[in-house]
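Colleague:
Residue numbers (my numbering): 282 to 481.
Dropping the structure here:
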């Protein structure tokens, strides 16, 4: 029998700034929204490659793309991202006002103030850790993509030193999506986020 009852008052408790394991990946709980019923969790990286807005057909399909994609669903970026989304989509809060599926955050959420300067906040901390571990994803550079475009053919990133900067969209950086987690559908067991199995 499930440890949790499926009622509107039962929500998992995640602490903002804390890191958890979920679906085989590390995530930081960055903010609570919708009166604490939803946690926005930032992954510490899932895959690597060119900026999603540069290579995904709905955004640019190999052409430099001039519109930011933060908050847009990039779950179909590659097989790893699609497999992750398929494994967690039933615990997504689809009513959240920002972000669909697996998505990248804008430079503002990473605490951007000035080109090349360190960011701030929970998202930035998680993405800085991601950039520090870029080689574990197969990325040759210690950078993690953000969803904000820069000019013609550039996009923003967080680097392993914490700086928030931009570079060519075709570069190979870590893709580290965020996700809106419905806290009524999960529980936390020894720092692992697990789906609730409900009795029928």
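Where is the CB? At the ideal position from N, CA and C, for every residue including glycine.
Just so it is clear, the structure is predicted and the values come from calculations on it, not from any experiment.
(1) If we require 3 or more residues per run, which beta strand (DSSP E) segments fall completely within the region 391-453?
(2) Which residues in the same chain have their Cβ closer than 8 Å to the Cβ of residue 355, if we skip the five residues on either side of it in sequence?
(3) When you compare only the Cα positions, how much space is there between residue 313 and residue 298?
(4) Need the endpoints of the alpha helix (DSSP H) that residue 365 sits in, please.
(5) Between which two residues does the alpha helix (DSSP H) harbouring residue 336 extend?
(6) Can you list, in chain order, the residues of its chain whose CB lies under 6 Å from that of residue 301, leaving out five sequence neighbours each side?
(7) Of all the options 331, 469, 463, 405, which has the alpha carbon lying nearest to the alpha carbon of residue 442?
(8) Counting along the chain, where does the beta strand (DSSP E) carrying residue 463 start and finish?
(9) With 16 as the cutoff for other CB atoms within 10 Å, does residue 316 come out buried or exposed?
(10) Quick one: residues in its chain with C-beta nearer than 7 Å to the C-beta of residue 304, no 5 flanking neighbours on either side, listed in chain order?
Modeller: Short version:
(1) Fully enclosed beta strand (DSSP E) runs of 3 or longer: 424-431, 435-440, 445-449.
(2) On the chain shown, residue 355 is found 74 positions in, with the first residue counted as 1. Correct list, in chain order: 333, 337, 362, 382, 383, 384, 385, 456, 458.
(3) In the chain shown, counting from the first residue as 1, residue 313 sits at position 32. In the chain shown, counting from the first residue as 1, residue 298 sits at position 17. Each residue's alpha carbon lies about 11 Å from the other.
(4) As a position in the chain shown, residue 365 is number 84, starting the count at 1. Element bounds for residue 365: 360-369.
(5) Here the question's residue 336 lines up with position 55 in the chain shown. Per DSSP, the continuous alpha helix (DSSP H) segment holding residue 336 begins and ends at 333-336.
(6) Reading the chain shown from its first residue, position 20 is the one you call residue 301. Once the five neighbours on either side are set aside, the close Cβ partners of residue 301 are 308, 472, 474.
(7) As a working mapping, residue 442 is identified with position 161 in the chain shown. Nearest of 331, 469, 463, 405 to residue 442, Cα basis: 405.
(8) Along the chain shown, one-based indexing puts residue 463 at 182. Looking at the DSSP string, the run of the beta strand (DSSP E) that includes residue 463 is 459-463.
(9) Your numbering for residue 316 matches position 35 in the chain shown. Classified as exposed, residue 316 has fewer than 16 neighbouring CB atoms from the shown chains inside 10 Å of its CB.
(10) Walking along the chain shown from the start, residue 304 turns up at place 23. The answer, listed in chain order, is 365, 368, 369.
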